[in-house]
Amino acid sequence: MNLEEYFARTGYKGSLEKQDLETLTDIFQHHIRAVPFENLSIHCGEKITLELEHVYNKIVRRKRGGWCMENNQLLGWVLKLLGYDTSFLGAYVFNPHQNAYATLMTHLLVKVVIDGKAYIVDGGFGVSYQMWQPMELVSGKDQPQAPGVFRFTEKNAIWYLEKMRRKQYIPNQNFSNCDLLEKKDCRKVYMFSLEPRTVEDFRFQCTYLQTSADSLFTKKSICTLQTTDGFRALIGWTLTETTYNYKENMDLVEFVTLEGEELEKTLKEKFNITLDRKLVPVNVKGFYTI
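Listed below in structure tokens is the structure:
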């Protein structure tokens, strides 16, 4: 495992000498635009494991993506090797259909401290809730980014992330009421504490999320990738391409339903993914919004 190979995978060619916010942001953006957030292993008969070497081989050498425990673990390893002050945190994801935060800590985050300021770096959430820049860990401050306006709020040592989105224009009106579309203007994303975590804290969750019938990840096959002006998402047989702010305060959301052999071709052309095993797409209604 080496940094040179990782940066060849993400296409980052900038400086590695400075441990500043600008460099961190550049490294981070190259990662989220090269490495998909995806759970396809679950739906093509592969097991997801958290050993760093396995994660490295999957993402860097096999050019796959991963979910938060893979993406953010790899990012944390890279940043630590570069000399950044990093630590892992654990979050509880908000479920809009239950209007409640999960009771199981399933989301792994990276905290980075630069010149005494703490930032959250999260390269493993995907779709429109994927931050594009490290977020300063301050309460009550709007932090506008290309995907929308993010904000942390702290109450009794618990931090909450929410996102305000733009209006959406959907040209194909057959999808105007699609259950994948987020209907609320402001959406809770997750909550977390600043207690440092290790990858070991996520062993049970990693197994649970890929085996339980109650898990979002067994109910949906998901592959999403950030682009220079939005993101792509393949959920089940449905491909979504979103362009942020294509008109003032308006995002363009385009849907298409794939058929048969289009699936493998789309994974290769849109996400640069070639699977070793056959994917069985799944999209149970509800549980997930873009």
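If you're matching positions, the sequence shown starts at 1 in UniProt numbering and goes up one per residue. Glycine residues also receive a C-beta, built at the ideal position from the N, C-alpha and C atoms.
Buried versus exposed, by CB contacts within 10 Å (16 or more), residue i
i           : result
H31         : buried
C206        : buried
residue 300 : The structure shown does not extend to residue 300, since the chain is modelled only from 1 to 290, so the question has no answer here.
D20         : exposed
L194        : exposed
D276        : exposed
H97         : exposed
F217        : buried
P171        : exposed
residue 325 : What is shown of the chain runs 1 to 290, which leaves residue 325 out entirely.
D142        : exposed
A91         : buried
P144        : exposed
T228        : exposed
D251        : buried
Q173        : exposed
Identity of the residues DSSP links to residue i by a beta bridge
i    : result
P144 : V149
N283 : K220
G66  : F37
S139 : F152
S87  : K111
W159 : E154 and F192
G230 : T243
Q168 : D251
Y101 : F94
L263 : The partner list for L263 (beta bridge, DSSP) is empty, contrary to what the question assumes.
T257 : T238
Y119 : V112 and E136
C186 : M164
R197 : F88
L225 : R232
Nearest neighbour of residue i, chosen from the options [CA to CA]
i           : options                   : result
L3          : I42, L21, Y56 and F37     : Y56
T289        : Y246, D229, V189 and T10  : V189
Y129        : K18, R232, T238 and K265  : R232
E131        : K278, E248 and G230       : Note that residue 131 corresponds to Met in the displayed sequence, not to Glu. Nearest of K278, E248 and G230 to M131, Cα basis: G230.
V149        : L161, V284 and H107       : L161
M69         : T227, M164, S215 and D201 : D201
F192        : Q226, I120 and M164       : I120
N39         : G124, N156, N172 and G90  : G124
I235        : T228, D179 and A213       : D179
S176        : V112, L74, G76 and V256   : V256
D26         : E17, V35, Y12 and L263    : Y12
N156        : P144, S139, Y169 and Q226 : S139
K18         : A34, K163 and I114        : I114
N71         : A102, F28, K47 and R165   : F28
S41         : E248, L137, G65 and S15   : G65
K183        : V199, R166, T198 and E136 : R166
residue 370 : L263, M250 and Q133       : One cannot answer for residue 370 here, as it falls past the ends of the chain, which runs 1 to 290.
G76         : R9, L24 and L181          : L24
T198        : C186, A8, R187 and E51    : E51
Expected contact under 8 Å - CB spacing of residue i and residue j to nearest Å
i    : j    : result
L109 : D122 : 5 Å
A146 : Y244 : 5 Å
P196 : F88  : 7 Å
K63  : N272 : 6 Å
T106 : L209 : 6 Å
M135 : F152 : 7 Å
*Are the segment 230–245 and the segment 80–87 touching by the rule of at least three beta carbon pairs closer than 8 Å?*
no
_Three or more C-beta pairs under 8 Å: does that hold for the segment 204–222 against the segment 276–288?_
yes
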